[in-house]
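Sequential numbering of the sequence shown, starting at 1, is according to full-length UniProt numbering. Ideal placement from N, C-alpha and C gives every residue a C-beta, glycine not left out. Quick caveat, the model's predicted, so the values are computed rather than measured. First comes the structure, then the notes that go with it.
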Amino acid sequence: MMQMALLTRKEQIEQTATDLFKTRGFAATSMRELAQLLGLEAASLYAHIRSKEELLQKVCFRLADAFFSNFRRALNPADKATEQLRAAIRAHVQVITGNLAAAVVFQTEWRHLSEPYLSDIIHRQETYEAGFRQLLQTGQAHGELRPVDVHLATRTLLASLNGLPGWYKPEGKLSPEQIAETIADLFLLGLSNFPEDS
1 MMQMALLTRK EQIEQTATDL FKTRGFAATS MRELAQLLGL EAASLYAHIR
51 SKEELLQKVC FRLADAFFSN FRRALNPADK ATEQLRAAIR AHVQVITGNL
101 AAAVVFQTEW RHLSEPYLSD IIHRQETYEA GFRQLLQTGQ AHGELRPVDV
151 HLATRTLLAS LNGLPGWYKP EGKLSPEQIA ETIADLFLLG LSNFPEDS
């Protein structure tokens, strides 16, 4: 409650909506329910937001921006592709573990966006995936990684990372950093271009 009290009214609305979208889903969440949880009249919500979808837009695009900015900051072009992949994995885990409720909404509720926001978020998802794919292709070209199908490898990696909200617990025994390093080890060692035993 103390943390909520420190937020602006608009931030309180967005945070409460995010929690509702996570637990009930976008379609099942009503503005009336949101207003009740905030101790407001439903009509007074519209002084702060235009619609329920506007709240979903804010969650989805805030997370998309966070993924992109973390990805870009994590990469050092002077590093090997495998080192950049490890950094990108750490960056992705950091966004998810720091925004668990929003990450669930981003992954499961984006389909409820209307145009042009739906096409925009799909484009951003595809562009983000392409960034990981490019790192894999570079690693293969430099002989760091085995020549597996990069589309399959990229989607396998992102599926593993995006599954985090289903089991990650902030109070669990593994820190976000430990989780990121373990996933990176499992993925990169599985793809490493070790010479086969004769």
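Asked                                                                                                                                                           : Found
Consult DSSP for L37 and reduce its assignment to one of helix, strand or coil.                                                                                 : helix
Expressed to the nearest angstrom, what Euclidean distance is found between the alpha-carbon atoms of M1 and A17?                                               : Note that M1 scores a pLDDT of 45, beneath 50, so its modelled location is shaky; the value from the coordinates is reported in the next line. Cα to Cα, the separation comes out at about 16 Å.
Out of Q15, A28 and T156, which has the shortest C-alpha to C-alpha gap to R62?                                                                                 : Q15
Would you call H92 buried or exposed, if buried means 16 or more other Cβ atoms sit within 10 Å of its Cβ?                                                      : buried
Restricting to Cα atoms, I'd like to know which of Y46, A141 and D185 is closest to A81.                                                                        : A141
Going by beta-carbon coordinates alone, are I96 and L161 separated by less than 9 Å?                                                                            : yes
Look at the alpha carbon of E54 and the alpha carbon of F26, and state the distance between them as a whole number of angstroms.                                : 11 Å
Please classify S119: does DSSP put it in a helix, a strand, or coil?                                                                                           : helix
Output needed for C60: all residues of its chain with C-beta closer than 8 Å, excluding positions within five of it in sequence on either side, in chain order. : V105, F106, E109, W110, L113, Y117 and I121
Distance check for D149 and D185, CA to CA, integer angstroms please.                                                                                           : 19 Å
With which residues is L145 paired in a DSSP beta bridge?                                                                                                       : S192
Within the continuous alpha helix (DSSP H) that includes S51, where are the two ends?                                                                           : That residue, S51, is in no alpha helix (DSSP H); it is neither H nor E in DSSP.
Would you mind working out which of I13, G139 and P165 sits nearest N99, comparing C-alpha positions?                                                           : P165
Based on Cα-Cα distance, which residue from E33, E144 and E126 lies nearest to L189?                                                                            : E144
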